[in-house]
Amino acid sequence: MNKESWYGIFPALVTPFKADDTIDFELFRKNLQAQVEAGITGAIVAGSLGEASTLTRAEKVELVKYARKTLPENMPVVLCIAEQSTDEAVSIAKEAEGIGANGLMVLPPMRYKADDYETVVYFKTIAENTALPLMIYNNPVDYKIEVTLEMFEELAKVPNIHAIKESTRDVSNVTRLFNRFGDRFRIFCGVDTLIMEEVMLGADGVVGGLVDAFPKETVAIFNLVKAGMYKEALAIYRWYLPLLELDIHPKLVQNIKLAAAKMGIGSEYVRAPRLVLEGAERERVLTIIDKAIETQPALPDYLNLTAGSLA
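Read the sequence shown against this note's numbering and you will find it ends at 384, with the numbers running on by one and no gaps.
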């Protein structure tokens, strides 16, 4: 996976479960098929949205293997690394090479709030112990560690750190990164509600959440903006925003899984300690989803929104 491969829509895939709490691989395939048909360009497995904290290492391996054998050969499969220790992160990074992963999305140390130096050493140590390229996930809102421009100066010295998932929620940070580093890193928007704005500012791609339920609309916004067709993109984005706001919520996993289930490409089941939405909370989210489905916009038929078929 070269640096140019970090481009376009990379869904942060949910992990579908059955009622017995095992992974539903058939439903996983169905979602992957919908993603490919919509025109995604890569896929991220076992991330926060994929309930990584509740998955065993063996399950993460199986998800990567299944995605790799199911997706087109030229489509990158990226494994998320979110660990408490550097040793475990390095161990998973090494294993990822042999199971078909093409890249890694790496979060800062979990639980322990590392300082700037410790965080840089953590990322560098992982990168230096694998041939796979890395995307650095910068999300100080949720993970309390910000990767600053000065820290990226150090990380820019590591050749296989290719990309940044920009989730600071400050859209101007996209411009700061380009001003400081030019094209050294591929910049991905990591916040669903900001996809149009950050792509307009030059972001190379999107790591999305609601794309798990509405892949065609997500791809359409990206393609339209890149084509300079802002009016057409804005019409879809305004329809999409109430759904996208379901991503910036503590129960984003439940919200997005419910949306995917309503679209027929997912299930509501989550793994404890998460619980499925119930009562008034579920009805509120369903109201948003149902209204979106009822008013789903027609997409421009002159755009090439199909990346290919499953291998």
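From the three backbone atoms N, C-alpha and C, an ideal C-beta is built for every residue, glycine too.
As assigned by DSSP and simplified to three states, the class of residue i
| i | result |
| --- | --- |
| N211 | strand |
| R347 | coil |
| A380 | Any reading at A380 needs caution, since the residue's pLDDT is 41, under 50, leaving its predicted position unreliable; the model's value is listed next. Reduced to three states, the DSSP call for A380 is coil. |
| F98 | helix |
| A166 | helix |
| A116 | strand |
| L386 | Summary: the structure shown does not reach residue 386, with the chain confined to residues 74 through 384, and so no result is reported for it. |
| G81 | strand |
| I361 | helix |
| L105 | helix |
| I260 | strand |
| I366 | helix |
With 16 other Cβ atoms within 10 Å as the buried cut-off, status of residue i
| i | result |
| --- | --- |
| L348 | exposed |
| S245 | exposed |
| N252 | exposed |
| A174 | buried |
| R141 | buried |
| N75 | exposed |
| K91 | exposed |
| A236 | buried |
| E239 | buried |
| D160 | exposed |
| G123 | buried |
| G352 | exposed |
| G115 | buried |
| Y313 | buried |
| P346 | exposed |
| T360 | exposed |
| A371 | exposed |
Straight-line Cα distance separating residue j from residue i
| i | j | result |
| --- | --- | --- |
| D265 | A119 | 18 Å |
| P206 | P288 | 25 Å |
| G263 | E341 | 23 Å |
| S158 | E305 | 46 Å |
| E226 | A125 | 29 Å |
| A169 | L319 | 31 Å |
| A365 | Y310 | 12 Å |
| D363 | A187 | 42 Å |
| E135 | G255 | 37 Å |
| K217 | V284 | 25 Å |
| K167 | A204 | 8 Å |
| I113 | V151 | 13 Å |
| I329 | L316 | 9 Å |
| L100 | Y210 | 27 Å |
| P213 | M183 | 12 Å |
| A338 | V194 | The displayed chain sequence assigns Ile, not Ala, to residue 338. Rounded to whole angstroms, I338 to V194 spans 40 Å at the Cα level. |
| L241 | V179 | It is worth fixing the name first, because residue 241 is Thr in this sequence and not Leu. Going from the Cα of T241 to the Cα of V179 covers about 15 Å. |
| K385 | L274 | Since the first and last residues shown for the chain are 74 and 384, residue 385 lies out of range. |
| V272 | V292 | 12 Å |
| A162 | M208 | 14 Å |
| Y80 | L222 | 22 Å |
| R259 | L177 | 14 Å |
| T248 | Q106 | 34 Å |
| L401 | K138 | Outside the shown range of the chain (74 to 384) lies residue 401, about which nothing can therefore be said. |
| I165 | T127 | 16 Å |
| A131 | I172 | 11 Å |
| K324 | T95 | 21 Å |
| N296 | I268 | 12 Å |
| Y190 | F196 | 10 Å |
| S78 | E290 | 21 Å |
| Y185 | C153 | 18 Å |
| A380 | M302 | In this predicted model, A380 has a pLDDT of only 41, less than 50, meaning its place in the structure is not dependable; the value taken from the coordinates is given anyway. Computed Cα separation, rounded: 20 Å. |
| I82 | E110 | 12 Å |
9 Å Cβ cutoff, residue i in contact with chain C
| i | result |
| --- | --- |
| P89 | No chain C appears in the structure shown, which is made up of a single protein chain. |
Closer than 8 Å: residue i CB and nearest the ligand ZN heavy atom
| i | result |
| --- | --- |
| L222 | Inclusion of the ligand ZN in the displayed structure is not the case, the ligand content being empty and no account of it being possible. |
Task: Cβ contact (3+ pairs, closer than 8 Å) linking the stretch 349–367 and the stretch 267–280 - done: no
Open item on the list: Between the stretch 191–207 and the stretch 223–234, can you find at least three pairs of beta-carbon atoms closer than 8 Å?
Closed with: yes
Task: beta strand (DSSP E) runs wholly inside the stretch 262–335, at least 3 long, in chain order - done: 278–281
TODO: Only counting runs of 4 or more residues, tell me where the alpha helix (DSSP H) segments fall wholly within the stretch 171–257, in order along the chain.
DONE: 189–201, 213–216, 222–228, 245–254
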